[in-house]
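To start, the structure under review is shown below, and the notes come after it.
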Amino acid sequence: MKLLSKLLLTTFFSLFVINTFAASAPRERFKVFRFEYGGVAFSVDPRIELYQAVVLASGMQVTNYVDIDYKVRVDQQMAKYKTHPLFDFTARHLKRNNIFKYIDAPITFLLHLDNNFEWRTDVNYELRNDPKIDSFRLCLKRFAEETDYIRFFNSNETFYSLSLRNLQFNLDDFNEKQRVLNYYGVKQSERNEFNLILNFLGWGNFGPRLITNKGREMYAVIAPQKSYIRIPTFDQTRLFDLVWHEFGHSFANPAVDKKPYADQLNALSHLHEPVREFMRQKAYHEWMSVVREHLTEAVACRLAAQKFGEDFAAQNIIRVKKGQNWTYLYPLLDALKEYEANRARYPTLESFMPRIVETFQKITQADIDKWIAAAADTRKPDVAKMPQIHEVFNKDSVLIILAAQEADTAGDRRFKEFIHGFIKQVPGLAKGKIITDGEVRNYDLGKYNLFVAGTPAGNAIVRKVMTALPIQLNENGIIGEKKYDGKGYLLMAGWVNPDNPQKIMTIITGLHPDDMLNFNHTPFGGSNYHIMKNMITYKMGEFKKSGGVWVCE
């Protein structure tokens with residue numbers, strides 16, 4: 027009996043020591059994945075990653091379509107804990123949308139927590155005493171503490187670090203915090219922290235602002251657009267546009283919401299109806315949300331013109347947004363140019379708000395009809411995909427259209443000698459008919475597949491077609507998915523016949539006839555467009571649709 031008592035006492039003491047040691051041992055903490063660049067903090071946020079993991083595991087349809095192995099890892103990890111009370115709570119409340127009323131509300135909620143899922147003490151949150159909101163916070167906290175989630179988050183160090191480095195690599199000459207502050211007229215003495223958070227699993231992008239006891243925290247919470255070698259990637263132009271747009275909300279929204287401007291804009295709610303469906307598809311259901319988003323988009327367009335130049339912004343940002351039915355960009359962009367030209371009179375965007383209100387007040391139904399029609403034209407041609415450059419070589423009924431108006435007659439002669447030799451080597455083209463752009467009036471172009479060659483200045487058909495392409499050629503170079511500065515470029519592109527989308531066309535063009543010589547010396551199959559210079563390939567790419575608008579990829 028004494029031996030049994032001694033064993034029990036020893037066991038009790040051992041368990042006491044182990045439990046005491048475990049209780050006193052430091053709990054594993056979330057690692058920090060963060061860097062600063064251009065005055066902006068870039069990071070991966072454990073609060074947002076846990077929330078999105080819960081959303082994914084709960085089967086909610088708000089996880090993005092980007093193909094990354096991380097998504098599978100998250101799903102497999104969360105599947106181990108489906109019996110945790112957190113998932114019962116999300117099934118009863120989160121999936122039924124009876125906690126958060128707005129699309130950006132979950133992100134705003136998470137930013138009011140610290141990394142231990144306690145309420146931050148340096149910032150107010152009006153819903154912190156809401157029983158459902160606080161219960162959700164407690165469920166997240168308990169889940170992080172009771173499962174392997176913290177260790178799982180930390181185990182993704184390589185993925186998080188590579189993603190952040192890849193993001194930084196795509197931010198050339200990044201001074202966008204200063205650009206945004208200057209445009210909105212924010213005083214340099216004000217404390218404004220800019221934070222960009224990668225949201226790997228999220229759907230959509232968000233730009234909340236928090237007022238703390240030290241100043242203002244601006245956020246751009248952005249989701250990746252695609253992936254490459256298992257790492258999330260961003261189109262560079264789109265990435266900068268996201269930065270301008272999401273950070274811009276922190277300044278545009280207060281300007282719109284300030285009285286009397288908010289009341290004056292609310293009185294124009296009849297302007298919502300013509301664009302209601304377009305905006306609903308973008309998840310903007312309220313009229314004032316439409317106003318805020320349009321103003322922020324318009325400012326982002328003007329910041330793009332500052333950084334990349336007017337031509338690039340017009341081609342790759344403004345054209346795309348107009349084609350995606352941002353209908354009120356037309357008058358807002360004109361108004362903002364007035365703002366830029368008169369900064370002494372309008373030191374801040376807020377001081378310019380009377381003119382913004384007046385711009386909306388002057389909009390007529392005839393204006394709206396014109397802008398919507400222009401957007402529809404921007405989305406043409408309405409085809410599923412574009413032909414590749416070489417496809418015309420295998421077609422029947424090919425009409426070959428050469429230039430009749432080249433200013434450099436010697437260069438034109440050299441190019442035509444070359445092109446005639448090339449045509450003889452391609453059976454499909456050899457059976458085609460050769461004419462000049464001056465003779466097209468005698469032909470019904472809709473009956474033919476087209477092979478069009480010449481400079482925009484010398485060939486009227488090239489000049490006409492180039493206005494529809496998402497890639498432009500000018501004296502400064504080529505504007506595709508990025509700028510290719512300089513002269514001497516050759517552009518080849520596959521497109522559809524403007525007079526009959528069932529027929530195809532290939533365009534060979536450059537600024538000078540000699541730039542187009544010997545294009546066949548470089549392989550160019552398998553792409554929609556090909557940019558070359560001195561027989562060196564600069565880019566082979568595809569034409570893809572972005573919100574219904576053709577763009578270079």
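According to the numbering used here, the sequence shown is numbered sequentially starting from 27.
Glycine is no exception: its CB is placed at the ideal position from the N, C-alpha and C atoms.
Checking 8 Å against the spacing of the C-beta atoms, do residue i and residue j come in under that value?
i    : j    : result
N475 : K421 : yes
R328 : E366 : yes
T263 : I343 : yes
I534 : M558 : no
T89  : D148 : no
G552 : Q431 : no
M86  : K127 : no
A433 : G484 : yes
I74  : I133 : yes
A79  : M104 : yes
I426 : P300 : no
A246 : G233 : yes
R205 : G241 : no
P527 : V409 : yes
F226 : P250 : yes
F545 : L516 : yes
L265 : V325 : no
Taking the straight line between their C-alpha atoms, what separation do you get for residue i and residue j?
i    : j    : result
L428 : I460 : 7 Å
T390 : K396 : 10 Å
F419 : A494 : 22 Å
G335 : V66  : 23 Å
G435 : N523 : Looking at the sequence itself, residue 435 is Thr, so the reference to Gly does not match. One C-alpha to the other measures close to 28 Å.
D470 : G64  : 56 Å
F569 : Q498 : 13 Å
V212 : Y555 : 43 Å
E319 : F441 : 50 Å
C578 : I176 : 41 Å
M561 : N500 : 19 Å
Q341 : H538 : 22 Å
K167 : K203 : 33 Å
I159 : H119 : 10 Å
R163 : V491 : 57 Å
I248 : K308 : 16 Å
G573 : K348 : 10 Å
N231 : K285 : 27 Å
L222 : L236 : 14 Å
V100 : R191 : 21 Å
F169 : E243 : 27 Å
E312 : L297 : 12 Å
S295 : Y310 : 14 Å
E417 : D438 : 25 Å
A339 : Q350 : 15 Å
L268 : I487 : 36 Å
E443 : T532 : 19 Å
N123 : Y372 : 42 Å
P482 : R405 : 22 Å
D140 : F68  : 17 Å
Which residues share a DSSP beta bridge with residue i?
i    : result
G437 : Per DSSP, none; premise fails for G437.
L236 : E243
H556 : M518, M566
M531 : L476, W521
N221 : A67, Y245
W576 : K571
L193 : Beta-bridge pairing links L193 to no other residue.
N526 : N523
L139 : W145
R60  : S69
K509 : I505
V98  : According to DSSP, V98 bridges with nothing at all.
T89  : G228
L76  : According to DSSP, L76 bridges with nothing at all.
I426 : I460, F477
G536 : L516
Any 3 or more C-beta pairs closer than 8 Å across the stretch 275 to 289 and the stretch 376 to 394: With the cut-off at 8 Å, the stretch 275 to 289 and the stretch 376 to 394 touch.
Contact the stretch 85 to 105 vs the stretch 251 to 258: 3+ CB pairs below 8 Å: Flag = yes, the stretch 85 to 105 and the stretch 251 to 258 touch.
Touch test, the stretch 508 to 516 against the stretch 355 to 364, Cβ-Cβ under 8 Å, three pairs minimum: Cβ pair count under 8 Å is below three, so no.
contact_flag[the stretch 167 to 185, the stretch 51 to 63] where n(CB pairs < 8 Å) is 3 or more: Verdict: yes, contact present.
Beta strand (DSSP E) runs wholly inside the stretch 460 to 505, at least 3 long, in chain order: If only uninterrupted beta strand (DSSP E) runs of at least 3 residues are considered, those enclosed by the stretch 460 to 505 are 475 to 479, 498 to 500, 503 to 505.
Any 3 or more C-beta pairs closer than 8 Å across the stretch 74 to 85 and the stretch 106 to 113: At 8 Å Cβ cutoff, the stretches touch.
Those runs of the alpha helix (DSSP H) which lie wholly inside the stretch 318 to 388 and span at least 4 residues: Positions of the alpha helix (DSSP H) runs, each at least 4 residues long and wholly inside the stretch 318 to 388, are given as 336 to 339, 345 to 349, 355 to 367, 379 to 387 in order along the chain.
Within the stretch 250 to 324, ranges of the beta strand (DSSP E) (whole runs, at least 3 residues): Segments of the beta strand (DSSP E) lying fully in the stretch 250 to 324: 252 to 254, 257 to 259.
Alpha helix (DSSP H) runs wholly inside the stretch 108 to 185, at least 4 long, in chain order: The DSSP assignment places 111 to 115, 131 to 137, 157 to 172, 175 to 181 as complete runs of the alpha helix (DSSP H) inside the stretch 108 to 185, in order along the chain (cut-off: 4 residues).
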